[in-house]
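A quick write-up on the structure given underneath.
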Amino acid sequence: MFGLGKKRSRLGKWIDQRGVTQQWLCKEAGINKDTATRAASSDEYSPNLKTANGIVKALRKIDPNVNLDDFWSM
575 MFGLGKKRSR LGKWIDQRGV TQQWLCKEAG INKDTATRAA SSDEYSPNLK
625 TANGIVKALR KIDPNVNLDD FWSM
């Protein structure tokens, strides 16, 4: 079971639905665990552009149609 009842952001829900782990996201996006946790748990979190682009680039390995604005308004 993914999410374990925790509050999830749009990104968190997206990765949970696809069975992606935050550990995988950290490795593929080149981000640390704390950044992945914040991004996956709070819609209030707004990463800097470099981080957001790294996350989206990693997620495009799973779904090439993912866009930055699917998760954040920048």
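Just so you know, we're using this note's numbering here: the sequence shown kicks off at 575 and counts up by one.
The beta-carbon is built from N, C-alpha and C at its ideal position, and this holds for glycine as well.
Here the structure is a predicted model, which means the values were calculated and not measured.
- Taking C-beta atoms as the reference points, serine 583 and alanine 603 fail to come closer than 8 Å.
- The C-beta separation of arginine 592 from isoleucine 636 comes to about 6 Å, placing the pair in contact by the 8 Å criterion.
- Measuring C-alpha to C-alpha distances from asparagine 606 to each of Thr625, Ile589, Arg634, Leu642 identifies Thr625 as the nearest.
- Going by DSSP, isoleucine 629 is part of the alpha helix (DSSP H) stretching over 623 to 633.
- Counted as a single uninterrupted DSSP element, the alpha helix (DSSP H) harbouring isoleucine 589 occupies residues 584 to 592.
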